[in-house]
Amino acid sequence: MVTAQKQKEWQKALKEAAQITDKLGMPIDKEILETVTILYLLGFMTTGSCGGHLDRINEGPFVILGSPKAIELEKRLANVTDYDNQEYSRLKNEIAKLIITEQSRLLYLLRIFYSLRKPREGRMLTLRSIGYSNFRLNCHGSELAYSENARQRKLRLARNRAEMGAFTEWLKELYFKSSAWHKFGLRDDIHAQKIFVGKPKKEYGEAISKLATEVEKSTGIHTTLVFDGCFDGFNCGPYIIFESPKAEEVRNFVVAAKDSLTHEERNSLYKRAIKYNTADQQKLYCLLDNFYAQRKINYEQMLIVQTVGFSNFRLRNQGTEIALLENLDNRRRKLKANYDEIRAFIKYLK
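Numbered by the working numbering, the letters in the sequence shown go through residues 1200 to 1549 in order.
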């Protein structure tokens, strides 16, 4: 009876989602339609999506998610013109906490999903923040398509669509079968707790710096920033930001040229920098692929690579933002687990 009712709800939601269009009048891509629909039925708010394309690179398939309450707060934030005003900081932090809460719910499902199947690190679904009011679900390494040929991009897109499809089918099983939540040991809600500020141990700072050095030795990539994981706001670590040497040269040239470049020339240089950047990211992805081929993946501690702008990328543990919703003891445990993963990677690189 419950399943029959949910089938009706599913068909109704699927039909409604198929009628949604963006500002250009384009509907939701059919390749991502069921993903958007099941996320909606499980209580998530989606704000954008893409099924992935071969004629242009946009790191699809992906779904962008947000929070209804965050949208309301954003409207209030838009009316605050003084960025030094306490109300501006309060609203911005409140929006970020709402988004991180939504991330924690989806991250929880992803962790269970990947505990039930043998994942391939290079195509696993990951979450990344977009500004402070949205986050994106897509496959790890999607941005590498910028430096791949047509055949490689076609293969990557097919694999990434298959991974998103497998997660979608699993979510549908959770939704349709009332026993599934108990079967997979899931709980229905995750509540935010008070935010505490914690300072990591000195040995952690030494470990993340050592990792940066080992990656530089192995790849020739430049380190631009090392952050040890002191939770002093919404910039959770640990992480390392790298920059491609060639992309850095292009960026410096663009900065020095200032307004002497045309819009087309500037865009052409940006695209060149992105190709250099993703080519160097590929070196780090290969190291991680080989590392995790020999090691059992713990989804929440897994090391991932994320693009930062057009000339930088970041190495970090999955789900570090969620620590902002946990109490101090849990945050310390999570930080220790993250550094255990970092030390294991250092050992592998040596």
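Here a beta-carbon is modelled for each residue, glycine too, at the ideal position from N, C-alpha and C. Values in this document were obtained by computation on a predicted structure and should not be read as measured data.
Where the alpha helix (DSSP H) containing residue i begins and where it ends
i	result
L1308	Q1285 to S1314
T1367	A1349 to F1375
N1529	L1527 to L1548
Start and end residues, beta strand (DSSP E) containing residue i
i	result
T1502	In the sequence as displayed, the identity of residue 1502 is Leu instead of Thr. Taken as a continuous stretch (DSSP letters only), the beta strand (DSSP E) holding L1502 covers L1502 to V1507.
I1227	No beta strand (DSSP E) contains I1227, which DSSP labels as neither H nor E.
T1325	L1324 to I1329
L1514	N1511 to N1516
I1270	I1270 -> not in any beta strand (DSSP E); alpha helix (DSSP H) instead, spanning P1267 to A1277.
T1280	That residue, T1280, is in no beta strand (DSSP E); it is neither H nor E in DSSP.
S1248	M1244 to C1249
N1337	N1333 to C1338
Same chain, Cβ closer than 6 Å to residue i, five either side skipped, listed in chain order
i	result
L1240	A1212 and Y1374
Q1480	V1504 and F1512
E1570	Not covered by the structure: residue 1570. The range shown for the chain is 1200 to 1549.
W1209	none
N1476	S1443, A1446 and S1510
S1328	F1334
A1536	Q1500
W1369	F1312
R1310	Y1498 and E1499
T1220	P1226
K1393	Summary for K1393: the model assigns pLDDT 33, below 50, so the residue's position carries little reliability; its value from the coordinates is reported in the next sentence. So no residue of the chain qualifies.
H1339	M1323, T1325 and I1503
K1382	Note that K1382 scores a pLDDT of 44, beneath 50, so its modelled location is shaky and nothing firm can be said.
D1283	none
Nearest residue (CA-CA) to residue i, options the options
i	options	result
E1405	G1419, I1420, T1418 and F1426	F1426
R1513	I1440, L1487 and E1233	I1440
G1419	K1546, L1308 and K1482	K1482
M1363	Q1210, L1238, K1535 and E1293	L1238
T1245	Q1302, Y1345, L1223 and S1341	Q1302
G1428	R1465, E1520, V1454 and N1451	E1520
E1347	I1256, R1515 and T1412	I1256
K1495	Q1218, K1317 and T1202	K1317
V1414	Q1206, Y1547, R1289 and H1462	Y1547
D1228	F1243, V1262, A1203 and K1457	V1262
L1308	K1205, F1243, K1549 and N1284	F1243
A1344	T1461, A1478 and K1214	A1478
R1515	T1220, Q1493, Y1538 and L1324	Y1538
Q1206	T1236, H1339, K1222 and Q1218	T1236
T1412	S1459, A1456 and K1549	K1549
Own chain, CB closer than 8 Å to residue i, minus 5 neighbours either side, in chain order
i	result
L1253	A1349, R1352, K1353 and L1356
L1297	S1266, K1268, A1269 and L1272
Y1331	K1291, I1294, A1295, I1298 and F1433
H1421	E1415, F1441, E1442, S1443, P1444 and E1447
A1216	I1227, L1232, V1235, T1236 and Y1239
Anticipated Cβ contact below 8 Å, residue i with residue j, distance rounded
i	j	result
V1507	R1471	That pair is no contact at about 17 Å.
G1166	E1230	Any answer about residue 1166 is impossible in this case: the structure gives the chain only from 1200 up to 1549.
F1312	L1264	That belief does not hold up - the Cβ atoms of F1312 and L1264 are roughly 16 Å apart, past 8 Å.
I1541	F1509	Not really, about 26 Å apart at Cβ, beyond 8 Å.
Y1491	Q1517	The Cβ separation is near 12 Å, so there is no contact.
L1468	V1453	5 Å
P1437	Y1484	Not quite, the Cβ-Cβ distance comes to about 19 Å (not below 8 Å), so this is no contact.
L1305	L1336	7 Å
T1367	T1234	5 Å
L1486	S1408	In fact, because the Cβ distance is near 18 Å, the residues do not count as touching under 8 Å.
E1342	E1258	5 Å
Below-8 Å beta-carbon distance, residue i vs any chain E residue
i	result
T1300	Judged by its chain identifiers, the structure shown contains no chain E, having just a single protein chain.
Cβ-based neighbour list, residue i, same chain, cut-off 7 Å, excluding 5 preceding and 5 following
i	result
R1358	R1322
P1260	E1230, I1231, C1249, G1250, G1251, N1337, N1359, R1360 and M1363
F1544	L1410, F1490 and L1502
R1160	Not covered by the structure: residue 1160. The range shown for the chain is 1200 to 1549.
For the stretch 1397-1466, which segments carrying the alpha helix (DSSP H) assignment without a break, of at least 4 residues, lie completely within its bounds, in sequence order? 1401-1418 and 1444-1456
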